[in-house]
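Residue numbers (the working numbering): 856 to 1255. Cβ atoms here follow ideal geometry from the backbone N, Cα and C, with glycine treated the same way.
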Ligand SMILES: Nc1nc2c(ncn2[C@@H]2O[C@H](COP(=O)(O)OP(=O)(O)OP(=O)(O)O)[C@@H](O)[C@H]2O)c(=O)[nH]1
Ligand SMILES: [Mg+2]
């Protein structure tokens, strides 16, 4: 029986190269009898089976597929492992993997391959690093891969052993404070542009992105659905969401868009509240406005060109980039004020962790740290220690 559970435990494989086309695809295999299973399909040009090939030696030959054969290069880095390198078209790699499945090998994702039965900090860092979207986030994750977070948690555990609970708690709190930004290394900040219809939210998103991502029209109520666009600001990954202009309406489609906009506002890390110069909020959207925490709000006055025209082309306090009440004046059409707006957003996102700083970056890590800190505060030092030990190497089921 090819797929019985004993066989599954004995051998697994994963595609180590990214999906899509490439020059070469690499399949990793691990488990007892990996070489013998390979020999069911691998015909070496030398005539020597892989099981009889010395460890580390590279063997060339072909692979017997269900409907043909393909050239491959195989290698046994150690007793339990085999690497198979074949042509990089997805059909060839799938064909090779399909044959492995017929002899009881189980396919894993590359993430599960790394984690196997335990989630550890270096593995989480390797997975996060592979998905890093900017050089800056990659640098911080690389620090964690090199042990910054692990060493800090080991230090905290040593403080426990030495009975220094207060010092341990202080360091735990510092880690938790770092986690707020650390989570954003892997999950982008959510920035929502909101405000009345026709104030220029969509135009401003396009100006911030530097290309025409969303539809702009002189008709109020143009944007109906939430449109998201990813970008990076000062190295932080961000997702901008354009939303429907807030107003009460009898149009059920538009009303749905407005409800969606309100939901986006609730879930945002930062709301860029857009008004047009000279325009005040209506009571109906002031309500949505009031729900936004001060540290999650940035106010913008768009269409500063119209204000300037009205004041005869002169720059006044209300049409300079930053007005006296802290709002940023922009003209989405000319791009004026967009750089100061980006600067203000980047100040809100905050600085990057300095090199080498221990920084938690996953929900699992943050949860374990929170639990450890709460247990310690309640004098449950055994539980606190257990949480930290799980953090260093926990079962996959603890993954969030
Ligand atoms: N003069 C001037 N016009 C602008 C500016 N920004 C946008 N507009 C114009 O204002 C109109 C509305 O722009 P949009 O970007 O579609 O406005 P919106 O807030 O997304 O509108 P809704 O999707 O309906 O809520 C368009 O005709 C834009 O060209 C600006 O800075 N100055
Ligand atoms: Mg719009």
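Collapsed DSSP secondary structure at residue i in the structure displayed
| i | result |
| --- | --- |
| residue 1157 | strand |
| residue 936 | strand |
| residue 1125 | strand |
| residue 1147 | coil |
| residue 1173 | Note on residue 1173: pLDDT 49, under 50, position unreliable in the model; the coordinate value appears next. Note: residue 1173 maps to coil in three-state DSSP. |
| residue 1187 | coil |
| residue 1163 | helix |
| residue 1182 | coil |
| residue 865 | helix |
| residue 1242 | helix |
| residue 962 | strand |
| residue 1004 | helix |
Classification of residue i by the beta-carbon crowding that lies within 10 angstroms, buried from 16 upward
| i | result |
| --- | --- |
| residue 868 | buried |
| residue 1190 | exposed |
| residue 1137 | exposed |
| residue 946 | exposed |
| residue 1216 | buried |
| residue 885 | buried |
| residue 1057 | buried |
| residue 837 | There is no way to answer for residue 837, as the model of the chain reaches only from 856 to 1255. |
| residue 1025 | exposed |
| residue 1155 | buried |
| residue 1150 | exposed |
| residue 1234 | exposed |
| residue 1145 | exposed |
| residue 1118 | exposed |
| residue 970 | buried |
| residue 1210 | exposed |
| residue 1004 | buried |
| residue 986 | exposed |
Start-to-end residues for the beta strand (DSSP E) that takes in residue i
| i | result |
| --- | --- |
| residue 1066 | Element bounds for residue 1066: n/a, residue is neither H nor E. |
| residue 897 | 897-899 |
| residue 1082 | 1082-1088 |
Residue i versus residue j: straight-line alpha-carbon distance, rounded
| i | j | result |
| --- | --- | --- |
| residue 996 | residue 1029 | 18 Å |
| residue 1193 | residue 1201 | 12 Å |
| residue 1197 | residue 1007 | 34 Å |
| residue 1121 | residue 1139 | 16 Å |
| residue 1063 | residue 870 | 38 Å |
| residue 992 | residue 1041 | 8 Å |
| residue 1027 | residue 929 | 47 Å |
| residue 1048 | residue 1060 | 8 Å |
| residue 1237 | residue 1033 | 24 Å |
| residue 958 | residue 895 | 9 Å |
| residue 1031 | residue 1074 | 47 Å |
| residue 905 | residue 913 | 9 Å |
| residue 1129 | residue 1054 | 7 Å |
| residue 979 | residue 875 | 24 Å |
| residue 1203 | residue 1085 | 17 Å |
| residue 1020 | residue 1014 | 7 Å |
| residue 880 | residue 921 | 18 Å |
| residue 953 | residue 882 | 12 Å |
| residue 903 | residue 933 | 17 Å |
| residue 1010 | residue 1112 | 50 Å |
| residue 865 | residue 888 | 8 Å |
| residue 1228 | residue 1115 | 37 Å |
| residue 1162 | residue 1134 | 10 Å |
| residue 975 | residue 1091 | 25 Å |
| residue 1002 | residue 1101 | 47 Å |
| residue 1072 | residue 1103 | 19 Å |
For residue i: DSSP bridge partner residues
| i | result |
| --- | --- |
| residue 1053 | BP columns for residue 1053 are empty, so no partner. |
| residue 870 | 882 |
| residue 1248 | 975 |
| residue 1136 | Answer is none; residue 1136 lacks a bridge partner. |
| residue 923 | 920 |
| residue 1045 | 1094 |
| residue 946 | Paired residue(s): none; residue 946 is not in a bridge. |
| residue 915 | 928 |
| residue 1130 | 1156 |
Residue i - containing alpha helix (DSSP H), residue span
| i | result |
| --- | --- |
| residue 1024 | 1020-1037 |
| residue 1203 | 1193-1204 |
| residue 1222 | 1218-1232 |
| residue 1099 | From DSSP, residue 1099 is part of no alpha helix (DSSP H); its letter is neither H nor E. |
| residue 1212 | Per DSSP, residue 1212 belongs to no alpha helix (DSSP H) and is neither H nor E. |
| residue 892 | 889-894 |
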